[in-house]
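The next block holds one structure in the form of structure tokens; read it before the comments.
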Amino acid sequence: MTTLEVTLNLPDRLAREAQAAGLLTPKALSGLLKDAMRRRAAQALLEGAERASDAGSKPLSMRQLQAEVNAVRKTRRRASAT
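What follows is the structure in structure tokens.
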């Protein structure tokens, strides 16, 4: 676990409301950061799908997708065995 010290400059009202809501605790801030990272990852995925669609790429069938997953797993197993 990494410990960071963060200083926030917030408007007074926002600071009071966030404190009253319990959002300035380490646990709450960790949850907020995790949520933000999930939203960014989802947005990046959607943007990638849109770029692929714009480029004329067609979605993989379930069979093709499973073949890709199997290939990645095989590569990872091989790499971890060495």
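Counting from 36, one number per residue, gives the positions in the sequence shown under our numbering.
Note that beta-carbon positions come from the ideal geometry of N, C-alpha and C, so glycine has one too.
As the structure is a computational prediction, the values presented were derived from the model and not from experiment.
For residue i, three-class secondary structure by DSSP
{"i": "T110", "result": "helix"}
{"i": "N105", "result": "helix"}
{"i": "M97", "result": "helix"}
{"i": "G91", "result": "coil"}
Closer than 7 Å to chain D by CB, residue i
{"i": "E103", "result": "The structure shown has no chain D; it contains just one protein chain."}
Residues near residue i by beta carbon distance below 8 Å, same chain, minus five either side
{"i": "L45", "result": "A53"}
{"i": "L58", "result": "L64, L67"}
Residue from the options with nearest C-alpha to residue i
{"i": "P61", "options": "V104, A79, T42", "result": "T42"}
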